[in-house]
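A.B. asks: This is the structure I want to talk about, given as structure tokens.
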Amino acid sequence: MRKISGILLTLIVGVLLVYGTFDLPKFADPKQPASIYLSPKYIEEIINETAVPNMVTAILADYRGYDTMFETAVIFTAGLAVMMLLRRDK
Amino acid sequence: MEMIIDKFNYWCYIALILIGFYAMMAKGNLMKKLIGMNIFQWSIILFFVSISAKRGATIPILGGHGAVHDIINSIEYVNPLPHVLMLTAIVVGVATTGIALTLLIILYKKYGTLEEDEIIEELKK
Amino acid sequence: MVQKIDDIIIQKTSRLMIPFMQLYSLYVLVHGHGSPGGGFQGGCVLAASFILMVFAFDIEFLKKKFSERNLLLFCCIGVFIYVGTGFLCILLGGKFLDYSFLSKILPCTPIMARYYGMAIIETGVQITVMAVMVSILLDLATVGNLE
Chain A
-1 MRKISGILLT LIVGVLLVYG TFDLPKFADP KQPASIYLSP KYIEEIINET
49 AVPNMVTAIL ADYRGYDTMF ETAVIFTAGL AVMMLLRRDK
Chain B
99 MEMIIDKFNY WCYIALILIG FYAMMAKGNL MKKLIGMNIF QWSIILFFVS
149 ISAKRGATIP ILGGHGAVHD IINSIEYVNP LPHVLMLTAI VVGVATTGIA
199 LTLLIILYKK YGTLEEDEII EELKK
Chain C
70 MVQKIDDIII QKTSRLMIPF MQLYSLYVLV HGHGSPGGGF QGGCVLAASF
120 ILMVFAFDIE FLKKKFSERN LLLFCCIGVF IYVGTGFLCI LLGGKFLDYS
170 FLSKILPCTP IMARYYGMAI IETGVQITVM AVMVSILLDL ATVGNLE
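Residue numbers (this note's numbering), protein chains in the order written: chain A, -1 to 88; chain B, 99 to 223; chain C, 70 to 216.
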């Protein structure tokens, strides 16, 4: 019973997802909206404003440094939660 | 026909999404559901990274792999933004998996089993 | 819950590999500016060296090196370095996490101050990621009792 309803749901979700890919841009298209709007500004100005050749580290630590700070807080909270759930009181 | 060939990366990742979704829905063991959730999460991350590809472009490091020029043209470097956002997503996935495994340990200690049907029967008593 | 395996090949090879893995993690951290790498990747390699200690030797070996208090201290120091750099930029007159104002303390131009500010915060991220991964491993493997 569970397997039949699982397969049915999976097929319905699969058909919906495939129908959704008809509007997505082609693979490795240089003119897709993801490559036109914000990333050329980042690529051309990173070496002038910061002297870092690695674009991924420069965006992660400088332009999006606020997100990285909260991500460090997230992994700290996860470690804290595992500690609190599993430690035994003596 | 060209829709299948031009967009084959989306089809691969949709296949991975459906495998993870089926594991989460149809399996009875809680550990298998957790692994299904992990597969689902990784397929979404790979899908986003595949959006950043560009035909004939090189890696997003200035001066790496034979792309030393004086004028930096943005058409010969791969889009770096999805890579950055997915680094955060990977770390969030690690945190979620750690806490989920902890909850499974606590459930096992309390009920003695990891099957979903037996736990629901114990709860009804 | 972790079995003790007394295999001499694994033990002798791990004794050779573990210091090199830790040195490699520092290399990945520092070379994050010019090649793929950075804070998160270096932290994972450093945690992997400690996880190799658990597999090769006993888990008591790792419990003796890391007490609960020291691991939590390492987690907090990493987050503190990150947020502390941000607040230092406010104290020096700029916005939060605006590293170009660090050129008032460090002897460099504002552009190079952004370079060094990124290096400092990646160090903080590496320490936190390492401590959290080792802490989660110890908690899950010993199911809570860390005496």
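Quick reminder that beta carbons are idealized off the backbone N, C-alpha and C, glycines included. Predicted model only: the values in this text are computed from it and were never measured.
Ends of the alpha helix (DSSP H) at Phe146(B)?
C.D. replies: Leu128 to Ile149
A.B. asks: Using a beta-carbon distance below 9 angstroms, is Thr8(A) in contact with chain B?
C.D. replies: Answer yes: the Cβ-Cβ gap between Thr8(A) and chain B drops below 9 angstroms somewhere.
A.B. asks: What in chain A is Cβ-close to Ala193(B), meaning under 7 angstroms?
C.D. replies: Chain-ordered, the chain A residues with CB closer than 7 angstroms to the CB of Ala193(B) read Val72, Ile73 and Ala76.
A.B. asks: Specify the secondary structure class of Tyr151(C) as computed by DSSP and reduced to three states.
C.D. replies: DSSP places Tyr151(C) in helix when its eight states are reduced to three.
A.B. asks: Taking any Cβ of chain C, which residues in the stretch 41 to 75 of chain A have a Cβ under 9 angstroms from it, in chain order?
C.D. replies: Asn46, Glu47, Thr48, Ala49, Val50, Pro51, Asn52, Val54, Thr55, Ala56, Leu58, Ala59, Asp60, Gly63, Tyr64, Thr66, Met67, Glu69, Thr70, Ala71, Ile73 and Phe74
A.B. asks: Please report the residue range of the alpha helix (DSSP H) in which Pro88(C) lies.
C.D. replies: Ile77 to Val99
A.B. asks: Could you confirm whether any beta carbon from chain A is found closer than 9 angstroms to the beta carbon of Pro105(C)?
C.D. replies: yes
A.B. asks: Out of Leu206(C), Tyr168(C), Ser172(C) and Ile189(C), which has the shortest C-alpha to C-alpha gap to Gly147(C)?
C.D. replies: Of the residues Leu206(C), Tyr168(C), Ser172(C) and Ile189(C), the one whose Cα lies closest to the Cα of Gly147(C) is Ile189(C).
A.B. asks: Between the stretch 163 to 179 of chain C and the stretch 196 to 205 of chain C, do three or more beta carbon pairs fall short of 8 angstroms?
C.D. replies: no
A.B. asks: With distances taken from CA atoms, which of Leu171(C), Val152(C) and Phe89(C) is nearest Phe68(A)?
C.D. replies: Val152(C)
A.B. asks: Helix, strand or coil for Asn52(A) per DSSP?
C.D. replies: strand
A.B. asks: Quick test of the definition: if touching needs 3 or more C-beta pairs under 8 angstroms, does the stretch 158 to 166 of chain C touch the stretch 28 to 42 of chain A?
C.D. replies: no
A.B. asks: Can you name, in chain order, every residue of its own chain whose Cβ lies under 7 angstroms from the Cβ of Ile120(C), other than the five neighbours on each side?
C.D. replies: Leu206
A.B. asks: How far does the alpha helix (DSSP H) with Gly213(C) in it extend, from its first residue to its last?
C.D. replies: According to the DSSP assignment, Gly213(C) belongs to no alpha helix (DSSP H), since it is labelled neither H nor E.
A.B. asks: Taking 9 angstroms as the CB-CB limit, is Phe109(C) close to chain B?
C.D. replies: yes
A.B. asks: Under DSSP, the alpha helix (DSSP H) around Lys207(B) begins and ends at which residues?
C.D. replies: Counting along the chain, Lys207(B) sits inside the alpha helix (DSSP H) bounded by residues Leu179 to Tyr209.
A.B. asks: For the putative contact between Phe146(B) and Pro178(B), defined by C-beta atoms under 8 angstroms, what is the C-beta separation to the nearest angstrom?
C.D. replies: Wrong, their Cβ atoms sit about 13 angstroms apart, outside the cutoff.
A.B. asks: Can you tell me whether Val13(A) is buried or exposed? The criterion is at least 16 other CB atoms within 10 Å of its CB, across all chains shown.
C.D. replies: exposed
A.B. asks: Name the chain A residues whose beta carbon is nearer than 8 angstroms to that of Cys144(C)?
C.D. replies: Phe74, Gly77 and Leu78
A.B. asks: What first and last residue would you give for the alpha helix (DSSP H) that runs through Val11(A)?
C.D. replies: Arg0 to Gly18
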